[in-house]
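Heads up, the thing below is written out as structure tokens.
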Amino acid sequence: MSSLRFLPWARSALISARVPQPTKYSRRIHQIVLFVPWMVSLLLNGAAPLSAQDSAATRIVMLGTGNPNPDPERSGPALAVVVNGTAYLVDAGPGVMRRAAQAARNGIGALSASRIGIVFLTHLHSDHTVGLPDVIHTGWVADRERPLRLIGPPGTAAMAEHLTEAYRADIENRLHGLQPHTAEGWRVEATDVRGGEVYRDSNVTVTAIPVHHDGWEVALGYRFTTRNRVIVISGDTRPVDAIAAACHGCDVLVHEVYSVKAFLTRPPEWQRYHADAHTSATELAALATKAQPKLLLLTHLMLWGAATVDDLLGEIRAGYAGPVVAARDLGIY
Ligand SMILES: [Zn+2]
Ligand SMILES: [Zn+2]
Numbered sequence: 557m558s559s560l561r562f563l564p565w566a567r568s569a570l571i572s573a574r575v576p577q578p579t580k581y582s583r584r585i586h587q588i589v590l591f592v593p594w595m596v597s598l599l600l601n602g603a604a605p606l607s608a609q610d611s612a613a614t615r616i617v618m619l620g621t622g623n624p625n626p627d628p629e630r631s632g633p634a635l636a637v638v639v640n641g642t643a644y645l646v647d648a649g650p651g652v653m654r655r656a657a658q659a660a661r662n663g664i665g666a667l668s669a670s671r672i673g674i675v676f677l678t679h680l681h682s683d684h685t686v687g688l689p690d691v692i693h694t695g696w697v698a699d700r701e702r703p704l705r706l707i708g709p710p711g712t713a714a715m716a717e718h719l720t721e722a723y724r725a726d727i728e729n730r731l732h733g734l735q736p737h738t739a740e741g742w743r744v745e746a747t748d749v750r751g752g753e754v755y756r757d758s759n760v761t762v763t764a765i766p767v768h769h770d771g772w773e774v775a776l777g778y779r780f781t782t783r784n785r786v787i788v789i790s791g792d793t794r795p796v797d798a799i800a801a802a803c804h805g806c807d808v809l810v811h812e813v814y815s816v817k818a819f820l821t822r823p824p825e826w827q828r829y830h831a832d833a834h835t836s837a838t839e840l841a842a843l844a845t846k847a848q849p850k851l852l853l854l855t856h857l858m859l860w861g862a863a864t865v866d867d868l869l870g871e872i873r874a875g876y877a878g879p880v881v882a883a884r885d886l887g888i889y
């Protein structure tokens with residue numbers, strides 16, 4: 557049952573399903589009827605469907621926890637904040653739509669292809685954007701009615717225009733052949749932002765946080781505030797106080813990280829880059845000690861074949877006493 561460690565909300569579902577209610581037999585049977593398929597799905601897929609009771613809660617669904625190096629276990633960087641049946645994607649690394657489809661199959665209907673309607677980009681590195689045409693066009697082929705909303709740093713709108721041009725032949729073919737696609741689903745409504753509040757609706761308020769990622773004039777983290785959770789997502793960055801300040805006791809801090817042990821095996825020119833662009837486990841331990849998240853969730857794991865996830869967790873725990881989990885693809889937190 558170790559997968560329950562990744563599913564704090566599932567633990568409460570399990571507990572509530574076990575509460576004896578001797579005078580309310582019908583309710584208990586109802587709980588068991590809900591519990592059995594939930595348990596089967598958990599065992600088969602490592603994730604569980606959301607019950608009606610859970611649908612209003614805020615979940616983080618990890619769609620890719622890797623980095624630019626292709627790894628079949630870890631897709632490119634992407635996650636979804638799912639609130640009240642709506643998914644808000646952050647980044648669109650390679651593999652994003654296949655992972656989203658698996659999450660939908662596991663019960664997160666908000667991640668079915670046609671329902672993904674908005675993406676926030678942290679920056680324009682390829683490992684965070686190679687899946688973007690997949691989100692745009694696979695969503696359209698799956699019948700998304702409306703244009704995809706896209707929010708990201710300067711250059712985002714230009715990238716969207718260029719992607720539309722790159723797929724012009726496909727768009728023309730689908731619009732003017734026999735395929736009954738929606739009229740607007742291929743479009744992208746893109747907005748360039750530099751920081752501050754960038755989006756608000758009845759589920760979420762999203763604030764962009766400028767971070768420091770070697771060579772990018774603007775790279776962003778994001779803070780999601782929902783009815784029941786505050787989630788801060790670092791994007792790619794070296795340690796910056798702005799992320800610790802944005803978290804300040806937040807529910808979940810999703811932060812990128814590299815292993816110090818693995819870093820020491822890298823050539824000097826790459827060490828110079830990583831130190832300016834990314835955050836070491838030791839640096840993250842210090843940052844999390846300041847930020848005090850209720851959960852520190854590690855992603856964009858950089859182990860370079862020279863360290864294990866346990867090595868990485870050990871490096872974090874050496875300097876940080878709070879709860880920490882290394883995210884896995886399709887994990888729900
Ligand atoms: Zn990256
Ligand atoms: Zn990057």
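One rule links them: number in the working numbering = place in the sequence shown (from 1) + 556.
Ideal placement from N, C-alpha and C gives every residue a C-beta, glycine not left out.
Are residue i and residue j closer than 8 Å when you measure CB to CB?
| i | j | result |
| --- | --- | --- |
| V816 | L854 | no |
| G649 | A634 | yes |
| N619 | R655 | A quick correction: the sequence has Leu, not Asn, at residue 619. It is a contact, given that the beta carbons lie within the stated cut-off. |
| L843 | I787 | no |
| R705 | E745 | yes |
| A892 | I672 | Examination of residue 892 is not possible in this model, given that the chain is present from 557 through 889 alone. |
| A775 | H679 | yes |
| L851 | D807 | yes |
How about residue i: is its Cβ closer than 7 Å to a heavy atom in ligand 3?
| i | result |
| --- | --- |
| D683 | With respect to ligand 3, the structure offers nothing, as its ligand set consists of ligand 1 and ligand 2. |
Counting only the same chain and skipping the five closest in sequence on each side, list residues whose C-beta sits under 6 Å from that of residue i.
| i | result |
| --- | --- |
| V813 | T835, A837, L840, L854 |
| T793 | V767, H768, H769 |
| L688 | A648 |
| T694 | M653, A669 |
| W742 | W696, I727 |
| A847 | A800, C803, L809 |
| G805 | Q848 |
| P628 | none |
| T763 | E753, R779 |
| T747 | I707 |
| W772 | H679 |
| P795 | T835, E839, L843 |
Once you ignore the five residues that flank residue i on each side, which residues in its own chain have a CB closer than 7 Å to its CB?
| i | result |
| --- | --- |
| Y829 | D770 |
| T518 | There is no way to answer for residue 518, as the model of the chain reaches only from 557 to 889. |
| N601 | Because the pLDDT of N601 is 39, which lies under 50, any placement of that residue in the model is unreliable, and the number read from its coordinates should be weighed accordingly. Around N601: N662. |
| N759 | V639, N640, T642, T782 |
| L869 | V880, A882 |
Could you tell me the alpha carbon to alpha carbon distance between residue i and residue j, rounded to whole angstroms?
| i | j | result |
| --- | --- | --- |
| A613 | A716 | 31 Å |
| R702 | W860 | 40 Å |
| N784 | H732 | 45 Å |
| G887 | N729 | 37 Å |
| A882 | I707 | 27 Å |
| A818 | T712 | 32 Å |
| I872 | R661 | 33 Å |
| G751 | I765 | 5 Å |
| R630 | E753 | 31 Å |
| I674 | I789 | 16 Å |
| A940 | E740 | No information on residue 940 is available, as it lies outside the stretch 557 to 889 that the chain covers here. |
| G777 | V638 | 18 Å |
| R756 | R779 | 12 Å |
| Q827 | L820 | 8 Å |
| R822 | L857 | 15 Å |
| A833 | A722 | 30 Å |
| T720 | V686 | 14 Å |
| D867 | P710 | 37 Å |
| D797 | G791 | 14 Å |
| G665 | I692 | 18 Å |
| V646 | A714 | 18 Å |
| T864 | P736 | 48 Å |
| E825 | A862 | 17 Å |
| D690 | R724 | 14 Å |
| T738 | G875 | 53 Å |
| Y889 | V749 | 27 Å |
| G622 | H718 | 26 Å |
| H811 | A659 | 21 Å |
Spatial neighbours of residue i within its chain, please: C-beta separation below 8 Å, excluding the five flanking residues on both sides.
| i | result |
| --- | --- |
| A657 | L667, S668, A669 |
| P552 | There is simply no residue 552 to check, as the chain begins at 557 and stops at 889 in what is shown. |
| A877 | T845 |
| P626 | P650 |
Exercise for the section: With a floor of 3 residues, list each beta strand (DSSP E) that falls wholly inside the segment 833 to 880, ordered by position along the chain. Expected result: Secondary structure remark: continuous beta strand (DSSP E) runs of at least 3 residues inside the segment 833 to 880, in chain order: 851 to 858.
Problem - Inside the segment 679 to 738 only - beta strand (DSSP E) runs reaching at least 3 residues - result: Under the rule that a run must span 3 or more residues, the beta strand (DSSP E) segments found entirely inside the segment 679 to 738 read 704 to 708.
Problem - Every unbroken alpha helix (DSSP H) inside the segment 604 to 665 [4 residues or more] - result: You should have 652 to 661.
Handout entry: Uninterrupted alpha helix (DSSP H) stretches inside the segment 772 to 836 (no shorter than 4 residues)
Key = Whole alpha helix (DSSP H) segments, 4+ residues: 797 to 803, 816 to 819, 824 to 833.
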